[in-house]
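Right, one structure below, let's go through it.
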Amino acid sequence: MKKLLTITSLVLVSGSVFAGSDLGNTEIRTSAFDSKQQAYEAGYDLVKDLKAMPHGELAHELKLNGHDTGFNSIELNDTEIVVQEFAEKQGVIKYRAIVDVNYQYDAKDS
1 MKKLLTITSL VLVSGSVFAG SDLGNTEIRT SAFDSKQQAY EAGYDLVKDL KAMPHGELAH
61 ELKLNGHDTG FNSIELNDTE IVVQEFAEKQ GVIKYRAIVD VNYQYDAKDS
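For the sequence shown, this note's numbering assigns the number 1 to the initial residue and increments by one for each residue that follows.
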């Protein structure tokens, strides 16, 4: 099911908490599914995958690679899954999970 996920980062907002540490929020969408249950399962699988990723891969998924610095750590603070109902054409309802990811990361000192 992991391979069915099409991940698109929608929003990335970072704010300074204290020197070297930042908070961020990213919204990630899965691909379309025929049922709400399938979409929720895809969202749960995505969260599980994010929690298991090494820092470099997680930074890439969270779109942090645009920063000029490396990372000492990235921690997922909170995740929330919402299922969105949508139609790409009349009469065909699809569902996708939208995972809201709140995280904290410590940038390496340059």
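For each residue, glycine too, the CB sits at the ideal point set by N, CA and C. On a predicted model such as this, the values are computed, not experimentally measured, just so you know.
DSSP bridge partner residues for Leu-76 (one or two, in chain order): Here residue 76 is taken as the residue at index 76 of the sequence shown, counted from 1. DSSP lists Tyr-103 as partners of Leu-76.
With a Cβ-Cβ cutoff of 8 Å, do Val-99 and Leu-62 count as a contact? What you label residue 99 is simply residue 99 of the sequence shown in a count that begins at 1. What you label residue 62 is simply residue 62 of the sequence shown in a count that begins at 1. No, the Cβ-Cβ distance between Val-99 and Leu-62 is not below 8 Å.
Can you list, in chain order, the residues of its chain with a C-beta nearer than 8 Å to that of Glu-88? Leave out the 5 residues immediately preceding and following it. If you number the sequence shown from 1, residue 88 lands on position 88. Counting only Cβ-Cβ distances below 8 Å, and skipping sequence neighbours, we find Ala-32 and Lys-94.
Just checking my contact of Leu-46 with Ala-97 at CB under 8 Å: how many whole Å lie between their CB atoms? For the purposes of this step, residue 46 is taken as residue 46 along the sequence shown, with counting starting at 1. For the purposes of this step, residue 97 is taken as residue 97 along the sequence shown, with counting starting at 1. With a Cβ gap of about 7 Å, Leu-46 and Ala-97 count as contacting.
Between the beta-carbon of Ile-74 and the beta-carbon of Tyr-40, is there less than 8 Å? As a first step, residue 74 must be located in the sequence shown, where it is residue number 74. As a first step, residue 40 must be located in the sequence shown, where it is residue number 40. Against a cut-off of 8 Å, the Cβ pair of Tyr-40 and Ile-74 comes out as no contact.
Looking at C-alpha atoms only, which residue of Asp-22, Asp-106 and Val-83 is the closest neighbour of Asp-34? Walking along the sequence shown from the start, residue 34 turns up at place 34. With distances taken between Cα atoms, Asp-34 lies closest to Val-83.
Going by DSSP, what residue range makes up the alpha helix (DSSP H) through Lys-48? The sequence position of residue 48 within the sequence shown is 48, counting from 1. It spans 36-52 - the alpha helix (DSSP H) in which Lys-48 sits, taken as one unbroken run.
If we call anything under 8 Å between Cβ atoms a contact, is Leu-50 one with Tyr-105? Against the sequence shown, residue 50 aligns to sequence position 50. Against the sequence shown, residue 105 aligns to sequence position 105. No, Cβ-Cβ distance for Leu-50 and Tyr-105 is not below 8 Å.
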